[in-house]
Amino acid sequence: MSGAREPIGVIGTGYVGLVTAAGFAHLGSEVYCIGIDADKIARLQAGEIPIYEPGLAEMVEANRDRLHFSTQIDDALEHARLLFVAVGTPPTYSGDADLSAVRAVVEAIPASDRHALVMKSTVPAGTGASIKRVLAERGKTELAYVSCPEFLKEGSAVKDFLNPDRVVIGDEGDWAGDAVVELYAPLDAALVRTDIASAEMVKLASNAFLATKISFINEIANVCEETGADVIEVARGMGLDERIGHKFLQAGIGFGGSCFPKDVNALKQLAGNSGYHFQLLNAVIEVNELQKRRVIGKLQKHLGSLVGRTICLLGLAFKPNTDDMREASSLVLTARLQADGAKVRVYDPVAEHEARTLIPAVHFASDALDAADGADAVVLVTEWEEFVALDWAQVAGRMAGKLVLDGRNALDVGAIRAAGLTYEGIGRGTLTQVS
Ligand code: UDX
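If you want this note's numbering, it's the position in the sequence shown, counting the first as 1, plus 1.
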């Protein structure tokens with residue numbers, strides 16, 4: 002790739018920061034990646050990737066000569082005009098996004114007419130305007146500001162970076178917006194260039210809409226259980242309508258992760274703070290909370306009291322192909338099962354390390370079969386491929402009971418039944434009945 006590509010700074014070394022840094026290095030930019038955790042930066046300098054994300058380690062390795070990791074923001078300021086901000090914006094107790102890390106970056110950037118802040122972190126609509134006000138108060142009016150929200154999904158983040166459905170760039174029609182457009186040009190993606198507030202809202206509204214789609218299909222699944230319909234067939238029929246589409250119509254035990262729960266809450270809170278009661282999002286959140294707990298009711302329906310019962314959870318991460326445990330359904334499930342007196346055995350191919358600090362007093366098994374040992378019920382929590390491919394005769398041989406509760410509607414019902422086990426999914430109509 003030619004050396005003419007714009008060098009960039011990336012502040013933050015989480016999922017978004019690392020993928021953005023590696024992605025732009027791959028496209029030919031020199032990338033100055035800044036983090037505050039000296040240990041993490043040292044590990045990155047040594048070529049170690051602190052998160053599990055398919056393809057990321059390879060992309061970092063292939064572009065190591067263009068990736069410069071440092072704890073000093075000056076390294077980025079010296080070499081790059083565009084400073085991508087990819088720091089965490091976790092939820093606060095009030096449901097608002099915690100912008101302290103974003104504010105720290107704003108304070109650390111000196112007055113300059115040469116630099117621009119490019120916001121990748123998910124921030125409430127209106128943040129760009131308030132940052133511009135703060136910059137003005139600090140005499141940093143010449144610093145440009147661009148909103149460039151990130152839509153990548155964990156587990157396929159590298160692919161998503163290279164093949165985005167769209168690139169959204171909100172700016173004031175200045176050099177910085179032009180430079181960000183230029184950076185993304187090789188990806189040949191649909192471009193939405195707009196104002197800052199609209200770009201910010203695209204991100205929040207997109208995540209809230211997808212979360213709404215999931216809570217909607219989960220409610221349909223719950224109704225299917227009452228009426229005998231199979232939600233998989235229903236979703237198939239609905240999804241063929243181009244206006245609806247197949248994606249994000251997979252019923253299950255609720256959405257988790259670092260974005261949906263946080264962004265839905267943040268949008269609800271943002272609306273509330275400006276005097277608008279966003280009714281729909283209250284329901285989206287409530288349905289999701291209840292959906293995680295319905296698993297307990299299903300177990301009780303088959304097993305009666307859970308006191309002293311052994312329950313095996315397959316998968317802990319909030320979805321497959323990640324070790325991210327943020328807002329994972331497994332956190333609620335393990336706590337509820339333990340509160341009901343059950344013994345819990347768990348296995349996840351990559352999230353165990355993350356999970357150990359979050360989930361106390363469970364047995365971390367060495368593999369799926371070990372987790373199923375002596376279990377009265379096996380619950381699929383995360384649809385890792387290796388669980389979908391399990392030999393159910395072997396699982397049956399290890400279990401004490403017969404129940405398989407498919408929390409993601411991902412398992413082969415025929416194979417499970419052929420192994421003499423009882424199948425129950427989410428919203429599977431007659432398949433949901435005790436057999
Ligand atoms: C999401 C957005 O998709 C992405 O655009 C944004 O940038 C960050 O948030 P991510 O959190 O990585 O990405 O995962 P995603 O694949 O969207 O799944 C989120 C949750 O929804 C998972 O817990 C998943 O299991 C659940 N889900 C997803 C369903 O329950 N049903 C579905 O049909 C799809």
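Using N, Cα and C, we set each Cβ at its ideal position, and we do this for glycine too.
Burial state of residue i (16 or more Cβ within 10 Å)
{"i": "VAL88", "result": "buried"}
{"i": "PHE319", "result": "buried"}
{"i": "HIS278", "result": "exposed"}
{"i": "HIS69", "result": "buried"}
{"i": "ARG346", "result": "buried"}
{"i": "TRP385", "result": "buried"}
{"i": "TYR53", "result": "buried"}
{"i": "THR142", "result": "exposed"}
{"i": "ALA81", "result": "buried"}
{"i": "THR335", "result": "buried"}
{"i": "TRP176", "result": "exposed"}
{"i": "VAL20", "result": "buried"}
{"i": "SER3", "result": "Model confidence at SER3 stands at a pLDDT of 45, short of 50, so the residue's coordinates are unreliable and nothing is read from them."}
{"i": "ILE9", "result": "buried"}
{"i": "THR358", "result": "exposed"}
{"i": "VAL435", "result": "Reliability fails at VAL435, whose pLDDT of 42 lies under 50, so the model's placement of it is uncertain and the value that follows must be treated cautiously. By the neighbour-count rule (16 or more Cβ atoms within 10 Å), VAL435 is not buried but exposed."}
{"i": "PHE210", "result": "exposed"}
{"i": "ARG440", "result": "This structure leaves residue 440 out entirely; the chain is present only between 2 and 436."}
{"i": "ASN164", "result": "exposed"}
{"i": "PHE261", "result": "buried"}
{"i": "ARG244", "result": "exposed"}
{"i": "HIS247", "result": "exposed"}
{"i": "LEU422", "result": "buried"}
{"i": "LEU406", "result": "buried"}
{"i": "ASP377", "result": "buried"}
{"i": "ASP264", "result": "buried"}
Residue i: first and last residue of the uninterrupted beta strand (DSSP E) it sits in
{"i": "MET326", "result": "Careful: MET326 lies outside any beta strand (DSSP E) and carries neither H nor E."}
{"i": "PHE85", "result": "83 to 86"}
Contact test: residue i Cβ vs the ligand UDX heavy atom, cutoff 7 Å
{"i": "ASN164", "result": "no"}
The ligand GDP heavy atom lying under 7 Å from the CB of residue i
{"i": "ARG82", "result": "In the structure on display, the ligand GDP does not appear, and the ligands it does have are the ligand UDX."}
Residue i at chain B interface by Cβ criterion, 8 Å
{"i": "ILE221", "result": "Here chain B cannot be found, since the structure has a single protein chain."}
Residues that residue i bridges to, as DSSP identifies them
{"i": "PHE365", "result": "VAL347"}
{"i": "ARG167", "result": "ALA191"}
{"i": "HIS69", "result": "TYR33"}
{"i": "SER148", "result": "MET120 and GLY171"}
{"i": "LEU404", "result": "ALA378 and THR423"}
{"i": "GLY309", "result": "None; GLY309 has no bridge partner."}
{"i": "VAL11", "result": "CYS34 and PHE85"}
{"i": "ALA98", "result": "PRO92"}
{"i": "LEU314", "result": "VAL347 and VAL380"}
First through last residue of the alpha helix (DSSP H) which encompasses residue i
{"i": "ASP264", "result": "261 to 274"}
{"i": "ILE445", "result": "Residue 445 falls outside the range modelled here, since the chain spans only 2 to 436, and no answer is possible."}
{"i": "VAL224", "result": "197 to 228"}
{"i": "ASN283", "result": "280 to 304"}
{"i": "PHE25", "result": "16 to 27"}
{"i": "GLU439", "result": "This structure cannot speak to residue 439, because the chain is shown only from 2 to 436."}
{"i": "HIS354", "result": "353 to 357"}
{"i": "LEU1", "result": "An answer regarding residue 1 cannot be provided, because it is not within the stretch 2 to 436 covered by the chain."}
{"i": "GLY398", "result": "393 to 399"}
{"i": "GLN46", "result": "39 to 46"}
{"i": "PHE388", "result": "386 to 389"}
{"i": "ASP75", "result": "74 to 80"}
{"i": "GLU59", "result": "57 to 63"}
Within the structure, which residues are defined as neighbours of the ligand UDX by a Cβ-heavy atom distance below 5 Å, reported in chain order? Per the Cβ criterion, the list is PHE152, LYS154, GLU155, ILE215, PHE249, GLN251, GLY253, PHE256, GLY257, GLY258, CYS260, PHE319 and LYS320.
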